[in-house]
Amino acid sequence: MNNLIGQHLGPYRILEQIGSGGMATVYKAYQPAMERDVAIKVIAAHFAEEEEFRKRFRREAKAVARLEHAHILPVHDYGEADGRPYLVMRYLEAGTLKDRMAEGPLSLSDINRIVGQVGSALDYAHRMGVVHRDVKPANVLLDSEGDAYLTDFGLAKMMAGSAKL
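The opening residue of the sequence shown carries number 1 in this note's numbering; numbering runs sequentially from there.
Dropping the structure here:
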């Protein structure tokens, strides 16, 4: 499963790699049944080999999928292929806030909008008992209108005593 481009992962056809890190690789894929592009995060093989990690990842994926907020990137599906877990999420074409910041300074109105949207998403997640633990520009995606979406809850931790999720 090193090079998935052109292959199928469940019902999804992998189109291109759009990101990678130590924990996972993210691909742009096509979902024929819904006639839309999606983003698929496939967990790295060395993590997928650990049963306890797969259980924790599945549990956290379900918790994040329950977070329904306008500025939290929605999780559409979870699956496993060849023993490697993957998450299917909304695909956003504009990239990350980190990418946008590299292009030059943002306007004050853009900063206010993005901070407000991410702050609202974090407030909601906290009220639902989920702590993100890795908020940074690379984990904020932007849509074509410049709206922000918090993503990558991979390090998320359920707050102690929370029974909401």
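Glycine included, each C-beta is placed from N, C-alpha and C at the ideal position.
For clarity, every value in this text was computed on a predicted model and none was experimentally measured.
From the DSSP output, which residues share a beta bridge with residue i?
| i | result |
| --- | --- |
| Pro85 | Glu80 |
| Leu108 | According to DSSP, Leu108 bridges with nothing at all. |
| Gly253 | Outside the modelled stretch of the chain, which goes from 1 to 165, sits residue 253, for which no answer is possible. |
| Tyr149 | Leu141 |
| Tyr12 | Leu9 |
| Arg90 | Val38 |
Which same chain residues, not among the five before or five after residue i, have their C-beta less than 7 Å away from its C-beta?
| i | result |
| --- | --- |
| Ala160 | Because Ala160 sits at a pLDDT of 46, beneath the cut-off of 50, its placement in the model cannot be relied upon, and the point is left open. |
| Glu93 | Ser144 |
| Met120 | Per the sequence shown, residue 120 should be read as Ser rather than Met. Excluding residues within five positions, the ones whose Cβ falls inside 7 Å are His71. |
Can you tell which of the options has the C-alpha that lies nearest to the C-alpha of residue i?
| i | options | result |
| --- | --- | --- |
| Leu9 | Pro137, Lys98, Arg84 | Arg84 |
| Gln117 | Ala102, Leu97, Val130 | Leu97 |
| Leu142 | Phe153, Met101, Asp134, Arg133 | Met101 |
| Pro137 | Tyr86, Tyr149, Met34, Arg66 | Tyr149 |
| Lys55 | Gly79, Asp152, Arg13 | Gly79 |
| His76 | Asp99, Arg36, His46 | Arg36 |
| Ala179 | His69, Tyr30, Ala81 | As displayed, the chain neither begins before 1 nor continues past 165, which places residue 179 out of reach and without an answer. |
| Ala33 | Arg13, Glu51, Val42 | Arg13 |
| Phe47 | Lys28, Val38, Met23 | Met23 |
Excluding the five sequence neighbours on either side, which residues of its own chain have a C-beta within less than 6 Å of the C-beta of residue i, listed in chain order?
| i | result |
| --- | --- |
| Lys164 | For Lys164, the pLDDT reaches just 44, beneath the cut-off of 50, and the residue's location in the model is therefore unreliable, although a value from the coordinates is still provided. For Lys164, where only same-chain residues beyond five positions count, the Cβ hits under 6 Å are Met128, Gly129. |
Would a check of beta-carbon distances place residue i closer than 7 Å to chain B?
| i | result |
| --- | --- |
| His126 | The chain inventory of the structure shown lacks chain B, comprising one protein chain alone. |
Output needed for residue i: all residues of its chain with C-beta closer than 8 Å, excluding positions within five of it in sequence on either side, in chain order.
| i | result |
| --- | --- |
| Ser20 | Val26 |
| Pro11 | Gln31, Pro32, Ala33 |
field: Every unbroken beta strand (DSSP E) inside the stretch 114 to 146 [3 residues or more]
entry: 140 to 142, all fully within the stretch 114 to 146.
field: Whole runs of the alpha helix (DSSP H) within the stretch 37 to 76, excluding any shorter than 4 residues
entry: Taking 4 residues as the shortest admissible run, the stretch 37 to 76 contains the following complete alpha helix (DSSP H) segments, listed from N- to C-terminal end: 45 to 48, 51 to 65.
message: I want to know whether the stretch 106 to 116 touches the stretch 52 to 67 - three or more CB-CB distances under 8 Å.
response: Taking 8 Å as the limit for Cβ pairs, the verdict is that the stretch 52 to 67 does not touch the stretch 106 to 116.
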